[in-house]
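Each protein sequence line maps, in turn, to chains P and G.
So in numbering that gives the first Met the number 0, spot 62 of the first sequence is number 61, and the numbers just go up one at a time.
So in numbering that gives the first Met the number 0, spot 78 of the second sequence is number 77, and the numbers just go up one at a time.
Yeah, the Cβ is synthetic: ideal placement off N, Cα and C, and Gly gets one too.
Please read all numbers here as calculations on a predicted model, not as lab measurements.
Protein chains: 2
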Amino acid sequence: MNIQAFFEQSAGKWASQRTSHQLLQNQSESAKTELMMTLLETSDPIVAQLCQQSGLDPAQAVSGLKITWSSIIDRNPKTQTGSSILVAVADLDQPNQGRLISQQAGKATLGRYSLGEDEVLTLITETPELYAEERLWFASPNFRMRTSIVKRSGGFELAAFCTEIRLGITAKPAEAAPAEAQSSV
Amino acid sequence: MNIQAFFEQSAGKWASQRTSHQLLQNQSESAKTELMMTLLETSDPIVAQLCQQSGLDPAQAVSGLKITWSSIIDRNPKTQTGSSILVAVADLDQPNQGRLISQQAGKATLGRYSLGEDEVLTLITETPELYAEERLWFASPNFRMRTSIVKRSGGFELAAFCTEIRLGITAKPAEAAPAEAQSSV
């Protein structure tokens, strides 16, 4: 799998269950989210625009993804919504690693991605104040997992875990994600 | 890092926060656990005994770990306790992968381990009825993370996430795990 295939496999509608562990408080919080991920062609004007804003060559952009979400967080009746754009700009010599532009609420952040031989995609964002590391992988084509950790001023403060199940598919039993229609348990 | 170093770094007392996502029910459950992990020398008689029971050559055992735990699970006032033993038996040609013997409640199960270049340890147990995959990695020497998924009869049913923080250490700020004494947030 390469980064393009990883983004392609991410495209679609997903139900996500997220748990965040607040490490300093030793507490956790849960959220349920519906995610829609749409593949962006590298010819899409937003891809070139984000590359230029980040000082990167749009010709090296290999894939993009637009994500919109709607979340319900524990004990909060108000639905949270938002959207973001990811653009992967490959290193010239190693296409499965490079820079990752992440735009949310109009603000672009530049990080790094690397896709390992075990097909785990690692995303790292580092600023003087913050270090964030996210790992994503497919347990099956219709079941994606995600962990993230956030460190500030030298100490870890948050770790989160998402299980994401593709919506609106007729799952094949051999590679099925959990679905209400299944009676495997 | 090799498998011996991974086990050595795991040795000690840890506070673990675990969240399980029951995928078919779309529900989650939390538990807090104290874990004590003790390195087992390959010369320990239990290592040879478990290898022989599993039909493996004790001379190829590279490391062992004894784990004891005490857990409090959501909405259940009763503390759960238990212990297990892990023994890694390396492949002859590739020392960072091999068989993993896991003994719990007197029953030994044989699985596989592999330690990737990204220093993520993957443990896989597969029987005709069950497929379990666990990934473990150190975010820092005193902060370990763990995810696991369990599939039965073709369908995923459980995904779990643990954040584990070493207890009883005086953390160095640069690589510190969260600790009450720290005021980094």
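- Interface residue (Cβ-Cβ distance to chain P less than 8 Å): Ser27(G) is classified as such.
- Beta-bridge pairing by DSSP links Lys77(G) to no other residue.
- Measuring C-alpha to C-alpha distances from Glu133(P) to each of Thr146(P), Asn141(P), Pro127(P) identifies Thr146(P) as the nearest.
- Between the region 72-86 of chain G and the region 96-107 of chain G there are three or more C-beta pairs closer than 8 Å, enough to call the two in contact.
- About 5 Å separates the Cβ atoms of Ala14(P) and Ile164(P), confirming a contact at the 8 Å cut-off.
- Runs of the alpha helix (DSSP H) lying entirely within the region 34-75 of chain P and spanning at least 4 residues, in chain order: 44-52.
- With contacts defined as CB atoms closer than 8 Å, Lys150(G) and Tyr130(G) qualify as a contacting pair.
- DSSP places Ser152(G) outside both helix and strand once states are collapsed to three, so it counts as coil.
- Taking a beta-carbon distance threshold of 8 Å, Asp117(P) counts as an interface residue toward chain G.
- Under the DSSP definition of a beta bridge, Ile2(G) lacks any partner.
- Rounded to whole angstroms, the gap between the alpha carbons of Trp68(G) and Pro94(P) is 44 Å.
- In the structure shown, Gln93(P) adopts coil according to DSSP, grouped into three states.
- Phe160(P) has a beta carbon lying within less than 8 Å of a beta carbon in chain G.
- Annotation for Leu109(G): Ser53, Arg98, Ile100 place their beta carbon closer than 7 Å to its own, counting only its chain and skipping 5 residues before and after.
- Here Thr162(P) is buried. Its C-beta has 16 or more other C-beta atoms within 10 Å.
- Of the other Cβ atoms in all chains shown, 16 or more fall within 10 Å of the Cβ of Asn141(P); this residue is therefore buried.
- Here Glu118(P) is exposed: its Cβ has fewer than 16 other Cβ atoms, across all protein chains shown, within 10 Å.
- Considering only Leu91(P), Lys12(P), Glu28(P), Leu39(P), the residue with the shortest C-alpha distance to Arg74(P) is Glu28(P).
- With respect to Met36(G), Leu114(G) sits apart: the two C-beta atoms are not nearer than 8 Å.
- Remark: C-beta atoms of Ala158(P) and Leu22(P) approach each other more closely than 8 Å.
- Listed in chain order, the positions of the region 15-49 of chain G with a beta carbon within less than 8 Å of a beta carbon of chain P are Gln16, Thr18, His20, Leu22, Leu23, Asn25, Ser27, Ser29, Lys31.
- From the beta-carbon of Ile148(P), the residues of chain G found nearer than 9 Å are Ala138, Phe142, Met144, Thr162.
- Note on geometry: alpha-carbon atoms of Thr41(P) and Gly167(P) lie some 27 Å from one another.
- Boundaries of the beta strand (DSSP E) around Glu125(P): 120-125.
- Around the beta carbon of Glu125(P), fewer than 16 other beta carbons lie within 10 angstroms, which makes this residue exposed.
- Linking Ala47(P) to Lys65(G) through their CA atoms gives a straight-line distance of about 54 Å.
- The closest CA to that of Phe6(G), considering only Ala60(G), Ser152(G), Glu156(G), is found on Ala60(G).
- The Cβ of Phe155(G) sits closer than 8 Å to at least one Cβ of chain P.
- Within the same chain, Ala30, Thr32, Gln79 come within 6 Å of Ser70(P) by CB-CB distance, once the 5 residues on both sides are set aside.
- Where Gln21(G) is concerned, the enclosing beta strand (DSSP E) starts and stops at 11-21.
- Nearest to Asp43(G) by alpha-carbon distance, out of Asn25(G), Gln26(G), Gly63(G), Leu34(G), is Gly63(G).
- Shown here, Gln103(P) sits in a strand according to DSSP, grouped into three states.
- Annotation for Glu132(P): the continuous beta strand (DSSP E) segment containing it runs 129-139.
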